[in-house]
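What follows is a set of notes on a single structure, which appears directly below.
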Amino acid sequence: MQLSVLVIYLLAALTPWLYSKHKARTPNLLALLPAALTLWFASHIPLIASGEILVHEYAWIPGLDISLTMVLDGLSLMFALLICGIGTFIVLYAGSYLKGHQDLPRFLVVLLSFMASMLGLVLADNLITLFVFWELTSITSYMLIGFNHQNAEARKAALQGLIVTVGGGLALLAGLIMLAGAGGSYSLQEIFNSTEVLSEHPLYVGMMVCLLLGAFTKSAQFPFHFWLPNAMAAPTPVSAYLHSATMVKAGVYLMARLYPELGGTDLWINTLTSFGALTMLTGAFMAIRSTDLKKLLAYSTVMALGTLTLLLGLSTELAMLAFAAYLLAHSLYKGALFMLAGIVDHETGTRDVTQLGGLRKLMPVTALCTLIAAFSLAGLPPMFGFVAKELLLESLLEGPVGLLIVLMVITSAILVVAVAAVIALRPFFGRFIPQARTVHEAPKLMLAGPVVLTTLSLLAGLLPGYAGHYITLPASMAVAGQPVDGYLSLWHGFNLPLLLSVISLATGYFLYRYWDTLRDTLRLFNPLIERGPEAGYFRFMQGIVLISEWQTRVLQNGSMRNYLRTILLTFIGITGYTLFWRYEVHWNWDLSLYLHEVVVALILVSAAAAASITRSRLGAVASMGAVGFSVALIFILFSAPDLGITQILVETLTVILLVLVLFRLPGFSSTSTPAERGRDAFVALLTGALMTLLIMITIDVQLFPSISDYMIENSQPLAYGRNIVNVILVDYRALDTLGEIFVLALAALGVYAMIKFRPDTQPGANHYAGTLILPPKQVPEKDIVHSLDERQQMKAQQQKAQAQMDSQTKETH
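What the sequence shown shows, in the numbering used here, is residues 46 to 858, in sequence order.
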């Protein structure tokens, strides 16, 4: 199974080369791989239907408990068949839809990468591996949605989808880490097989909230539903694949996969049924207002995703069976409808149903496929959508929900029937509307997918027992985590679900007949919709920009003094609060200092003070050198000669470098007021006092056994060295030492560049009789406050330079 994922990535990498060789035939060749994988996964149907679970283990990063272990059960098998099967037709469809497009190779590369990422997601057993594939689907879908990058709307929709799904992905990561901590493993199979009851764990609420945030954003649940319809800016092959059968169902897959451990609680039931019903109603309501074919389908997809979430929330065996049936039915008819909408757009040049009509004679195959798929969307017999709808209504009536949710679901069903009628009847069976271009039937490769998917939907409706036994029943058992007693049937007799279905069909057709009037009436809700979740998203993004501008202006204003002060004050506040208010402070004041140690300490403090107050650069350098050499002396006094020698070398090099550049630096200038300097001095003293206190407190604190004994015992046997410090540097922490060597090498290059620097090559310099006069540095006067003496010195220097320049100019003439 790992190979099935990796080979698609490999094929994606080879796509540009294949396209250079085979041009327009490349999509046909690429489609062979997902077709072969579909057959390979289909060969496991009898085994999985018998209750077996296949596990292929492969250690990826064993030290971090991360593996590429893949699991094939009923749920992952159904998703794998949808991903590879529909993916085959999408690749063929894209080859014709984007025929002659200059960026077709790039599209195919990203499409195959998305396919591999989605397949890896549904097969992954390790939580970290699942998250990696989860984020890869977000990144690849971002590139697919923004494929037409010249279009501002496409870029905007792609970014919106990325921000919403990746933002939810961050919450998901936190939830997965909590899940692993509570379950004691990063393996889903081990978590499911453990005796730990996660619903009773203290982390359960936080874990479920984070996991559901990730799932809701991915699967466009209210209030995150707005990104999916906007993603219709993508080419139709993207819409047909990502937003009907694969990506948007990733969140639904995650909730279904985690149901055995997290589901069934009151929090789970109330949250999923409420948000699922609200998403259903929102999607259906927004769909009935739309006239764009892809928007109609997109909002009906939102409705379907809410339905799947609702069914998972019901937490009954019948609901699990209805969930699997509805997921399969929706994938079949919605994938077909999106491709058919793209065909209509491709042939007529418009997706506006109010501008389409009478196309059944010009596009008979497209009209027939659309009618069959729309029947399944509406829940008409004998389509598989009818079977799933009956199970939905039956499980809803038996489930633990109130009357309000039942009414919301029935209202959504009525609206979706009207939407299905608009999609199927207006473009093909309405009054003929002449088009600007010659309309004809689509190429065969574009029709292949819709024909096969609608045929499968019809066959599954006519033979629901086979579809239930081999596909949906094993999937529902994988979701429930236990055997499910149920079956699929086209006819359950005269019952209340059938009555509700008939009422929804009749009422929905009535709404279709007055659809134009209904749309005009629903415009009354436009002010409310304009202030909905999408407006909140834009306000949130604007708030981020405003906060960024503020923190850039206040915190990142280019002042090093401000940076240091902010860092130190933050350190003082957080550390000081923790130290004095949360812990009882005990420190060791038994210093037992010798006289020479006190002398060294006084020299160090005096040198630091001198460096802070002197106005001479040379004096400051000398004082800082004294500080460094005093530290080296302390190292030597306390039996660390290696550190002392290193410190001496560093200080010597530093002093030499500073002296070399002294003559190139401008004179000292006062860039702050006395009050500001006093404030900075107070912050510095406070920081020093806190650090001293921390050192005094931690002298006698030892949380773990000393590691020095281990170093002494193993220095010679393991590293073949008797100098323990050297062994630590070059063996135990070799990478850290390598990094330090790299830093020193960079510093050496900088020194060499400074030594070899020639001012006469500086651009912008003026030459008068061989004398170099550099242009003055432009510094806003408001940023520098000079003392009276400094201004007089600068004025005298400028007058002297001007006089010298005039004299040399006169001599030259």
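Where a beta carbon is used, it is the ideal one built from N, C-alpha and C, also for glycine.
Check whether residue i and residue j have beta carbons under 7 Å apart
i	j	result
V700	G670	yes
M123	A520	yes
G506	V432	yes
I128	T346	no
T210	T262	yes
E102	T114	yes
A14	L137	In this structure the chain extends from 46 to 858, so residue 14 is not present and cannot be described.
T336	L385	no
M331	G351	no
E435	P542	yes
F474	R396	no
M318	F267	Here residue 318 is Thr; the residue named in the question, Met, does not match the sequence. No.
I236	G228	yes
Y286	I135	yes
I617	L731	yes
Q340	P274	Residue identity differs from the one stated: residue 340 is Lys in this sequence, not Gln. Yes. Within cutoff.
L218	F176	yes
T393	V283	no
Alpha helix (DSSP H) segment containing residue i, residue limits
i	result
I459	448–474
P750	Where P750 is concerned, there is no enclosing alpha helix (DSSP H), given that its DSSP letter is neither H nor E.
H641	640–658
F787	779–801
P409	409–423
G434	The sequence as given places Lys at residue 434; Gly does not occur at that position. 429–443 is the extent of the alpha helix (DSSP H) around K434.
S593	578–599
F674	662–682
R568	It is not in any alpha helix (DSSP H) - R568 carries neither H nor E in the DSSP assignment.
K66	47–67
D148	Here D148 belongs to no alpha helix (DSSP H), and DSSP marks it neither H nor E.
I516	Where I516 is concerned, there is no enclosing alpha helix (DSSP H), given that its DSSP letter is neither H nor E.
E721	719–743
Y628	Careful: Y628 lies outside any alpha helix (DSSP H) and carries neither H nor E.
D870	Nothing about residue 870 can be reported from this structure: the residues present for the chain run from 46 to 858 only.
R558	541–558
V283	281–287
F86	77–87
L490	489–507
D687	686–707
G769	Note that residue 769 is Ile in the sequence shown, not Gly. Residues 769–772.
A94	90–94
Residue i CB to nearest heavy atom of the ligand COA below 6 Å
i	result
Y557	The ligand COA is absent from the structure shown, which contains no ligand whatsoever.
Beta-bridge pairing of residue i - partner residues as DSSP gives them
i	result
S112	A104
D337	D397
L117	L99
A169	M115
Inset, instruction - Write down every uninterrupted run of the beta strand (DSSP E) in the region 196–252 whose length is 3 residues or greater and which is fully enclosed by it, in chain order. - result: none
Legend entry - Stretch-stretch touch, CB-based, cutoff 8 Å, three pairs: the region 148–161 with the region 47–60: yes
Inset, instruction - Check whether the region 249–260 touches the region 86–104, counting contact only when three or more Cβ pairs, one atom from each stretch, lie closer than 8 Å. - result: no
Inset, instruction - Pair every Cβ in the region 187–207 with every Cβ in the region 240–247, then say whether three or more of these pairs are closer than 8 Å. - result: no
Inset, instruction - For the region 307–316 and the region 356–365, state whether three or more C-beta atom pairs, one from each stretch, are separated by less than 8 Å. - result: yes
Inset, instruction - Would you check if there are 3 or more beta carbon pairs closer than 8 Å linking the region 487–504 to the region 379–392? - result: yes
Inset, instruction - Please go through the region 343–381 and give each complete beta strand (DSSP E) segment of 3 or more residues, from N-terminal end onward. - result: None, since the region 343–381 contains no complete beta strand (DSSP E) of that length.
Legend entry - Three or more C-beta pairs below 8 Å linking the region 566–586 and the region 439–453: no
Inset, instruction - Could you tell me whether the region 419–430 touches the region 460–473, where touching means 3 or more Cβ pairs closer than 8 Å? - result: Contact between the region 419–430 and the region 460–473 is present: three or more C-beta pairs spanning the two stretches fall below 8 Å.
Legend entry - Stretch pair the region 713–732 + the region 608–624: three plus CB contacts closer than 8 Å: Contact annotation: the region 713–732 touches the region 608–624, with at least three C-beta pairs closer than 8 Å.
Inset, instruction - Would you check if there are 3 or more beta carbon pairs closer than 8 Å linking the region 200–220 to the region 272–281? - result: The region 200–220 vs the region 272–281: in contact.
Inset, instruction - Determine contact between the region 511–528 and the region 365–373, defined as no fewer than three beta-carbon pairs at a distance below 8 Å. - result: yes
Legend entry - Residue ranges of each alpha helix (DSSP H) within the region 305–335, 4 or longer: 311–334
Inset, instruction - Could you tell me whether the region 529–548 touches the region 557–568, using the rule of 3 or more Cβ pairs below 8 Å? - result: no
Inset, instruction - Check whether the region 652–660 touches the region 767–785, counting contact only when three or more Cβ pairs, one atom from each stretch, lie closer than 8 Å. - result: no
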